[in-house]
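Novice: Chains as they are written, first to last, in the working numbering: chain A, 122 to 354; chain B, 122 to 354.
Number of protein chains: 2
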Amino acid sequence: MHLNPADLRRVSVFREATDEDLQLFLSQAILRTVEEGEFFFLQGDPAVFFYILVSGRAKLLQSNAAGHQVNLRTINEWQMFGALGAVKPGAVYPATAQALEPSTALAIESAFLHEALKTRPYLNFGLMQLMTGYIQEMQERYRELATERVERRIALTVLRLASQVGKRLAGDEMMIELPLSRQDVAEASGTTMFTVSRVLAEWERRGLVEAGRERVLIRNPHGLVQIAEGLNP
Amino acid sequence: MHLNPADLRRVSVFREATDEDLQLFLSQAILRTVEEGEFFFLQGDPAVFFYILVSGRAKLLQSNAAGHQVNLRTINEWQMFGALGAVKPGAVYPATAQALEPSTALAIESAFLHEALKTRPYLNFGLMQLMTGYIQEMQERYRELATERVERRIALTVLRLASQVGKRLAGDEMMIELPLSRQDVAEASGTTMFTVSRVLAEWERRGLVEAGRERVLIRNPHGLVQIAEGLNP
DNA sequence: GTTCCTGTTTGCGCTGGCGCAAAGAAGGAA
DNA sequence: TTCCTTCTTTGCGCCAGCGCAAACAGGAAC
Chain A
122 MHLNPADLRR
132 VSVFREATDE
142 DLQLFLSQAI
152 LRTVEEGEFF
162 FLQGDPAVFF
172 YILVSGRAKL
182 LQSNAAGHQV
192 NLRTINEWQM
202 FGALGAVKPG
212 AVYPATAQAL
222 EPSTALAIES
232 AFLHEALKTR
242 PYLNFGLMQL
252 MTGYIQEMQE
262 RYRELATERV
272 ERRIALTVLR
282 LASQVGKRLA
292 GDEMMIELPL
302 SRQDVAEASG
312 TTMFTVSRVL
322 AEWERRGLVE
332 AGRERVLIRN
342 PHGLVQIAEG
352 LNP
Chain B
122 MHLNPADLRR
132 VSVFREATDE
142 DLQLFLSQAI
152 LRTVEEGEFF
162 FLQGDPAVFF
172 YILVSGRAKL
182 LQSNAAGHQV
192 NLRTINEWQM
202 FGALGAVKPG
212 AVYPATAQAL
222 EPSTALAIES
232 AFLHEALKTR
242 PYLNFGLMQL
252 MTGYIQEMQE
262 RYRELATERV
272 ERRIALTVLR
282 LASQVGKRLA
292 GDEMMIELPL
302 SRQDVAEASG
312 TTMFTVSRVL
322 AEWERRGLVE
332 AGRERVLIRN
342 PHGLVQIAEG
352 LNP
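(1) Using a Cβ cut-off of 8 Å (strictly closer), state whether K180/B contacts chain A.
(2) Can you list, in chain order, the residues of its chain whose CB lies under 6 Å from that of E335/B, leaving out five sequence neighbours each side?
(3) Which residue marks the beginning of the beta strand (DSSP E) containing N192/B, and which one marks its end?
(4) Looking at the secondary structure, which residues open and close the beta strand (DSSP E) in which A332/B lies?
(5) Measuring straight from C-alpha to C-alpha, what distance separates A237/A and L244/A?
(6) Helix or strand or just coil, what does DSSP make of E272/B?
(7) Please state whether the Cβ-Cβ distance between L181/B and L163/B is less than 8 Å.
(8) For V169/B, I'd like the list of residues in its chain whose CB is within less than 7 Å of its CB, leaving aside the five on either flank, ordered along the chain.
(9) Would you list, in chain order, the members of the stretch 206 to 222 of chain B that have their beta-carbon closer than 7 Å to a beta-carbon of chain A?
(10) Among L234/A, L345/A, V191/A and I256/A, whose alpha-carbon lies nearest the alpha-carbon of T217/A?
(11) Verify whether the separation of the beta carbon atoms of L227/A and V175/A is less than 8 Å.
(12) Could you tell me whether the Cβ atoms of G177/A and T240/A are closer together than 8 Å?
(13) Would you call the CB atoms of Q219/B and A179/B closer than 8 Å?
(14) Identify, in the order they occur along the chain, each residue of the same chain with its Cβ nearer than 8 Å to the Cβ of N341/B, setting aside the five sequence neighbours on each side.
(15) Taking CB distances under 8 Å as the criterion, tell me whether N263/B reaches chain A.
(16) List, in chain order, every chain A residue whose beta-carbon is nearer than 9 Å to that of P242/B.
(17) Where P300/A and R262/B are concerned, what is the direct C-alpha to C-alpha distance, given to the nearest angstrom?
(18) Determine the contact status of V271/A and V320/A, defining contact as a CB-CB distance below 8 Å.
(19) Shorter than 8 Å from the beta carbon of P354/B to some beta carbon of chain A?
(20) If you draw a straight line from the C-alpha of P354/A to the C-alpha of V346/A, how long is it?
(21) Which residue marks the beginning of the alpha helix (DSSP H) containing K289/A, and which one marks its end?
(22) Assign R323/A to one of two classes, buried (16 or more other C-beta atoms within 10 Å of its C-beta) or exposed (fewer than that).
(23) Give me the chain A residues within the contact set of V191/B, using Cβ-Cβ distance strictly less than 7 Å, ordered along the chain.
(24) Using the Cα positions of A127/A and I151/A, report the straight-line distance between them to the nearest angstrom.
(25) Indicate whether at least one CB of chain B lies closer than 8 Å to the CB of L277/A.
(26) If you reduce the DSSP assignment to three classes, tell me which class E230/B lands in.
(27) Is DSSP giving Q219/A helix, strand or coil here?
Structure follows, in structure tokens:
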């Protein structure tokens, strides 16, 4: 794989970086490729590296002692992940990063980023903006989980996932494709595979989505938004 | 109220600040006092100020369209809150801050912090450490809400609240007092007042806690930890 | 084509926890 | 002291959603 510094500018944190800085980070990077289902890192591992996804898709998940797991976030190309370790030296990853498809990522030592932060205000702001975004998303999702019913939560989740990892279908701009299994959606919305399956089946009957194997196709985003907003109970 | 710069050093973000910086921030601060139940700011307001609680207690909460609300975090003396707005100029508060008791806070313009961040790496690190802490706590709580049963969630919540706002009882170091109503605990653990009341009554029968009006006294923290860890089903 | 694997659907029964309503208790005010 | 407000408890009924089990189906490999 050929990477040039300008590619790095697609990473939100590096948007305002100088060419020299990009070159510097790239020179520190190792390319890691993992197969579908494999892990970039596990919850609890020392956070030695942070990553930038170059190709493929991955998810960040957390699991409890009983093995029950929840999806925290889906990672797309040119997104940074595992960067919390750069803030506190000696930290461990608070979540697991697993590839949803064969994926490649740049791995750079957290300590390197930590040093760089000391002299580059733009990096600080970029990273903080990322963090505030996560905080707000997690707060919202927490509230949804605590206060909304499943159907609405699933609608909110599918819409969120669509905006994060959805691909608009060539030919029809309104249709969005999601490469996610029922289980994935269940873990992202805090419910079970069975319930997701039933809800999607009902939506399919109403013509809102098309539900395939490890795939959800949104036919009518507006209808989903109505459910998400509780206008269509 | 008399405040001197050294007091500000009790704020985690200012731990490594110079005396001049503390003086500078203090000179920018306005003192705001609010009564119990009143608000420092509301969800959706422009985030013009960030706050440092000087005395009293407050909570950060979010509510949905139907008015159903969840507690995101409890704020203690010398904690900073409402600071997300300093990162993105023009942002709004993503949550509401409400006083649990008569409280006083320093209010400083977000824009001032924003400027200060550009030239003071220690502030950046401090703020980022705070943020990573929130992210991790929210991720944990989200997972708990998605995967754990109520009793366990309530135990985890009570323990978390104890570590954040609990007061050790003079005389018996093991006993911790929480000045929170059933409703508060319900909103912090994602359940209803009724369920919290029933669970606390059962714990009281077992001698784990003493439940009073707007008050929970933990008699046996270790027993609660067992429930929280699922060892005592 | 056939086989196998893995993900999905659906019927069914069950129960955890919600939420109303009404009574009870703890403070504060007067 | 009594009254009033606010918080808490508890009985009761109910149902959303869970979770098992078994059948079903899409896709890859051969």
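Ideal placement from N, C-alpha and C gives every residue a C-beta, glycine not left out.
Specialist: With the structure as the only source:
(1) no
(2) S302
(3) Q190 to I196
(4) V330 to G333
(5) 8 Å
(6) helix
(7) no
(8) E230 and S231
(9) V208, K209, P215 and A216
(10) V191/A
(11) yes
(12) no
(13) yes
(14) M295, G328, L329 and V330
(15) The amino acid occupying residue 263/B in the given sequence is Tyr; Asn does not appear at that position. True, the Cβ-Cβ gap to chain A drops below 8 Å.
(16) L238, K239, T240, P242 and N245
(17) 27 Å
(18) yes
(19) For P354/B, the pLDDT reaches just 47, beneath the cut-off of 50, and the residue's location in the model is therefore unreliable, although a value from the coordinates is still provided. No, its Cβ sits nowhere closer than 8 Å to a Cβ of chain A.
(20) Unreliable placement is indicated for P354/A, whose pLDDT of 47 sits below 50; the coordinate value is still reported in the next sentence. Approximately 12 Å between the Cα atoms of the pair.
(21) Contrary to the premise, residue 289/A reads as Arg rather than Lys in this sequence. It is not in any alpha helix (DSSP H) - R289/A instead sits in the beta strand (DSSP E) that spans K288 to L290.
(22) Residue identity check: residue 323/A is Glu in the sequence provided, not Arg. Exposed is the call here.
(23) Y263, R264, A267 and T268
(24) 17 Å
(25) no
(26) strand
(27) strand
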